[in-house]
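Asks:
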Amino acid sequence: TGSKTLRELWLHKLECEKVLKLLTMIETIREAPRQFDHLIPPIARDCRIGKATVVLSDALDTFNSGEAVEVYAMMKVSQQMMVRKEKALEILWNSLHEVIYLSNGNGG
Numbered sequence: 072t073g074s075k076t077l078r079e080l081w082l083h084k085l086e087c088e089k090v091l092k093l094l095t096m097i098e099t100i101r102e103a104p105r106q107f108d109h110l111i112p113p114i115a116r117d118c119r120i121g122k123a124t125v126v127l128s129d130a131l132d133t134f135n136s137g138e139a140v141e142v143y144a145m146m147k148v149s150q151q152m153m154v155r156k157e158k159a160l161e162i163l164w165n166s167l168h169e170v171i172y173l174s175n176g177n178g179g
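In the numbering used here, the protein residues as written are 72 to 179.
1. With 16 as the cutoff for other CB atoms within 10 Å, does residue 104 come out buried or exposed?
2. Quick check: the Cα distance between residue 158 and residue 87, rounded to an integer number of angstroms?
3. Assign residue 76 to buried or exposed, taking buried as 16 or more other Cβ atoms, counted over all protein chains shown, within 10 Å of its Cβ.
4. Can you have a look at residue 94 and say buried or exposed, based on whether 16 or more other CB atoms are within 10 angstroms of its CB?
5. Taking the alpha-carbon positions, what's the residue 128 to residue 74 distance?
6. Are residue 110 and residue 123 closer than 9 Å when you measure CB to CB?
7. Classify residue 114: buried if its beta carbon has 16 or more other beta carbons within 10 angstroms, exposed otherwise.
8. Looking at the secondary structure, which residues open and close the alpha helix (DSSP H) in which residue 104 lies?
9. Alpha carbon to alpha carbon, what distance is there between residue 153 and residue 176?
10. Could you give the first and the last residue of the continuous alpha helix (DSSP H) run that contains residue 130?
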């Protein structure tokens with residue numbers, strides 16, 4: 072009996088979809104720090120903070136969704152993402168301060 076029943080094939084398909092979903096989640100999380108660093112280079116003139124924040128936010132949402140939290144190997148990447156989150160917050164606050172400073176300086 073080498074042939075599989077329709078039910079067996081369907082169950083195998085569901086299992087494969089679950090594995091593919093987990094691999095996609097892992098890839099999203101694993102690539103986030105590299106993508107963030109690419110979008111936020113050391114030279115601030117080419118900074119793309121909006122896109123970098125979206126990449127980081129999507130990865131953190133994916134990580135915190137449940138299944139990825141259970142993968143122990145993702146803990147180091149999670150820590151890297153938190154460092155990037157702090158950097159993004161710093162850039163956003165500095166940008167906000169510059170805008171407020173320039174607005175107040177030009178308004179008077």
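A virtual CB, placed ideally from N, CA and C, is assigned to each residue, including glycine.
Replies: Reading off the structure:
1. buried
2. 37 Å
3. exposed
4. exposed
5. 45 Å
6. yes
7. exposed
8. 77-110
9. 34 Å
10. 120-134
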